[in-house]
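Contents: one structure, followed by commentary.
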Amino acid sequence: MANRLKGYPIAQNLHTMSKISFSWGRPGWLKRIRERELVKTGFIPIKLGEYIDRHLENNPDTSRKEIEEGLQDALGAYKQGVRCECGEPIWVIGSAVVEYSCFTCITGEATPDDDLEIDEAC
Ligand SMILES: [Zn+2]
Numbered sequence: 381m382a383n384r385l386k387g388y389p390i391a392q393n394l395h396t397m398s399k400i401s402f403s404w405g406r407p408g409w410l411k412r413i414r415e416r417e418l419v420k421t422g423f424i425p426i427k428l429g430e431y432i433d434r435h436l437e438n439n440p441d442t443s444r445k446e447i448e449e450g451l452q453d454a455l456g457a458y459k460q461g462v463r464c465e466c467g468e469p470i471w472v473i474g475s476a477v478v479e480y481s482c483f484t485c486i487t488g489e490a491t492p493d494d495d496l497e498i499d500e501a502c
């Protein structure tokens, strides 16, 4: 009887712990780490259509045609192996609105941090 009484809180603790690790398995930071492992450059991949919707939300003055053509053009260039003048692969999302360049040359930042890239170019 004493063993059962002593053992019970441990079992309850284990149960609580498994609930904690279960809930910790879901949040964004873990998902984000896993996303980062999937891409070579640290970008978060996004589908072309999804990015266009997001871009238009943030830039209501831009026409869908304009951003879509820019992205298709930059994606085509990426697939043909076009590189930034520094030698790095181009960043399609940035290259859609400026010239064909890599992330670092466009933004001045060394590495992407929560920055998006079209999934086909990741
Ligand atoms: Zn560059």
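Just so you know, the sequence shown maps onto residues 381 to 502 in our numbering.
Glycine included, C-beta positions come from ideal geometry on N, C-alpha and C.
Source: prediction; values computed, not measured.
Spatially closest choice to residue 492 from 453, 456, 470, by CA coordinates: With respect to the C-alpha of residue 492, the residue from 453, 456, 470 having the closest C-alpha is 470.
Within 5 Å of ligand 1: residues by beta-carbon to any heavy atom: 464, 466, 468, 482, 485
DSSP-derived helix/strand/coil call for residue 458: helix
Span of the alpha helix (DSSP H), counted from its first residue to its last, around residue 486: 483-487
Supposed close pair residue 444, residue 432 - CB separation, criterion 8 Å: 6 Å
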